[in-house]
Amino acid sequence: MAEDLHIATGSKEDQYRSLLPQIQGLLSGESDPIANQANVCAALKEQFGWLWVGFYLIKKKDDQTEELVLGPFQGPVACTRIRFGKGVCGSAWEKGKTLIVPDVEQFPGHIACSSLSRSEIVIPLIKNNKIWGVLDVDSVDLASFDQIDQRYLEEIVSWLNP
Ligand code: SME
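No gaps in the numbering here: position 75 of the sequence shown is 84 in my numbering, and each next residue is one more.
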C-alpha cells in the first residue's frame, strides 16, 4: 500500500532530494506504465503545487502518422492531442530535448490549455534512444523552472517505461 507523501520544505533542491526516493519507492515493484505515470504526476503536484503536471504520449493515428495524446495528469482539463513540432510539447518532441519556457507568451506557437499558465517545462521521455512521450509541467508564476528542475525531472522520467 502507498504511504502518504512526506512534503518537504526548504530549497527546491532540498524538496527534490526528499521527493526522489519517495517516487522511486512508488515506482519500485510496479511495472504498469499508466499507474506509474499517474503517481509521478500526483507526487510532483503535491510537493510543488504546480498548476498542471501531466504526460503526453506518442500514439499512431489511423493514417499511421504520430501525435501526442493526453495521458495521466493532475490539474485543469487539457488539450487532448498535439501535433509534432506544435506548441512547447510538440517542439520538445521534435528537438528531442528538454525545453524551459520562462514566459509562455514569448514562445511562438505556445498552446494555451489554461489561461493561468505563465511558465512551462517539457521533458522528453526517452528509452533506447527513442522518444515515447513528454512530461509537461505548467506554473502560474513566470520563470518557475530552471536547470535544477530539468536535472531532477529528467532523472525521474528515466525511471519510467513506455
Ligand atoms: N502548453 C502546452 C500544451 C499542453 S498544456 O500546457 C497542458 C504546449 O504548448 O505544448
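The beta carbon of each residue, even a glycine, is placed where N, CA and C say it ideally should be.
query, result
"Closer than 8 Å to chain C by CB, residue 80", "Protein chains in the displayed structure number just one, and chain C is not present."
"beta-carbon residue 88 near ligand 1 non-hydrogen atom, thresh 7 Å", "yes"
"heavy atom of ligand 1 below 7 Å from residue 20 C-beta", "no"
"Residue 73 in three-state terms, based on DSSP", "coil"
"Cutoff 6 Å; reference residue 101; Cβ partners in own chain excluding five residues on either side", "108, 131, 133, 143"
"Sheet register partners of residue 13 (DSSP bridge)", "Answer is none; residue 13 lacks a bridge partner."
"Selected residue, minimal CA-CA separation from residue 82, among 95, 157, 73, 53", "53"
"N-terminal and C-terminal residue of the alpha helix (DSSP H) that residue 165 is part of", "156-167"
"Classification of residue 90 by the beta-carbon crowding that lies within 10 angstroms, buried from 16 upward", "exposed"
"N-terminal and C-terminal residue of the beta strand (DSSP E) that residue 132 is part of", "128-136"
"Beta-carbon proximity check, residue 79 vs residue 99, cutoff 8 Å", "no"
"Residue 71 to residue 61 span [Cα, whole Å]", "29 Å"
"Burial state of residue 38, where buried means 16 or more other Cβ atoms lie within 10 Å", "exposed"
"Contact test: residue 201 Cβ vs ligand 1 heavy atom, cutoff 7 Å", "The structure shown does not extend to residue 201, since the chain spans only 10 to 171, so no value can be given for it."
"Three-state secondary structure (DSSP) of residue 111", "coil"
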